[in-house]
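> Input: one structure, supplied below.
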Amino acid sequence: MKEAQQKAAILAFVGDPRREVRRKGALLGRASRTNERIWRRLNTRLRAVLGRTGLPVIWLDELQQQGATFGQRLTNGMAMAFAQGYTSLLVVGNDCPQLQSHHLQRAAAALQVAPWVLGPDQRGGAYLIGVRREAFAPVAWLGLPWQTDGLLDALLGLAEEGETVLLPAESDLNAAADLLRLFPRLSPAHILKRLLGPDLLAPRPGRPLGVFRPHFRSRSGLSWRGPPAVA
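In terms of the working numbering, the sequence shown opens at residue 12 and continues consecutively.
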């Protein structure tokens, strides 16, 4: 029997710029206002990326989120979105500068044939979580190790073997070291390069720049890679 067509939406689960600076520290050794501006620009970029997907978008910023912990806020947000009639959700945040519309379009297509789609980050977390309504178990989600390097493995543990599609690994911004690794790979047109200047992180003695090397694993056999430069 052919599966029912999924009605997908994107849930943008974003933090407040000021609180992001307090939680993650300064991405640059500059005034807090500059660091807040980074997160505001990433919010602007995320809106543009999501707008190019052609999918419905639910924008849930920190002031709208309900719950005492990250897990509670995200679980409540997803339950609210599913209650609106959507049968699958793509959850993303504002901390992945490499996120592109093609990641979301491919994830939405994958949810037509699999109940789970995950975009791993470089630290064992996830920059994208795609899940069908029937696979969403609120009690289990509340107990996941959110915002830790054990999240991806925990999510894979919830999914059944062979029914999870993994997208290419990308980098999230969780600390200054992440920006140091990622910045050289961004295209000149990227919003962070335009904000901070193309030579901001030029190598200097005592401050090496790591080379970003994607690591990809897939249970499904599907391999989707994005362009080397990110706008």
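Each residue gets a CB set at the ideal place from its N, CA and C atoms; glycine is no exception.
Owing to the predicted nature of the structure, the values given are computational and were not obtained by experimental measurement.
Classify residue 78 as helix, strand or coil using the three-state DSSP reduction.
coil
> What first and last residue would you give for the alpha helix (DSSP H) that runs through residue 120?
112-121
> Between which two residues does the beta strand (DSSP E) containing residue 127 stretch?
127-131
> Between 80, 29 and 93, which has its C-alpha nearest residue 21's C-alpha?
93
> If we count the other Cβ atoms within 10 Å of its Cβ and call it buried at 16 or more, is residue 108 buried or exposed?
buried
> Measure the beta-carbon distance from residue 178 to residue 101 and round it to whole angstroms, keeping in mind my assumption that it falls under 8 Å.
That belief does not hold up - the Cβ atoms of residue 178 and residue 101 are roughly 11 Å apart, past 8 Å.
> So for residue 24, helix, strand or coil by DSSP?
strand
> Would residue 217 be called buried (16 or more neighbouring beta carbons within 10 Å of its own) or exposed?
Legend: pLDDT at residue 217 = 49, less than 50; position of this residue unreliable, no value from coordinates given.
> Just mark residue 5 as buried or exposed, buried being the case when its beta carbon has 16 or more other beta carbons within 10 Å.
This structure leaves residue 5 out entirely; the chain is present only between 12 and 242.
> Strictly by DSSP, which residues pair up with residue 182?
In DSSP, residue 182 forms no bridge with anything.
> Taking the straight line between their C-alpha atoms, what separation do you get for residue 221 and residue 201?
With a pLDDT of only 33 at residue 221, under the threshold of 50, the placement of this residue in the model should not be trusted, and no figure is reported.
> Can you tell me whether residue 44 is buried or exposed, with buried defined as 16 or more other CB within 10 angstroms of its CB?
exposed
> Would you kindly work out how many angstroms separate the C-alpha atoms of residue 126 and residue 89, rounded to a whole number?
15 Å
> Could you check what DSSP says for residue 225 in three-state terms: helix, strand or coil?
Confidence at residue 225 is low in this model, with a pLDDT of 28, below 50, so its placement is unreliable and the value that follows should be read with caution. It is coil, neither helix nor strand.
> Does the Cβ-Cβ distance between residue 206 and residue 29 come in under 8 Å?
no
> Which whole-angstrom value describes the C-beta separation of residue 137 and residue 169, a residue pair presumed to lie in contact below a C-beta threshold of 8 Å?
Not a contact, Cβ separation roughly 12 Å.
> Any idea which residues DSSP pairs residue 99 with across the strands?
19 and 143
> Here's the rule: buried if 16 or more other CB atoms are within 10 angstroms of the residue's CB, otherwise exposed. What is residue 198?
exposed
> Verify the CB distance criterion: does residue 48 have a CB-CB separation below 8 Å to chain C?
No chain C appears in the structure shown, which is made up of a single protein chain.
> Straight-line CA distance for residue 26 to residue 105?
7 Å
> Expressed to the nearest angstrom, what Euclidean distance is found between the alpha-carbon atoms of residue 150 and residue 208?
Approximately 45 Å between the Cα atoms of the pair.
> Among the residues of its own chain, which have a CB less than 8 Å from the CB of residue 96, if the five just before and after it don't count?
18
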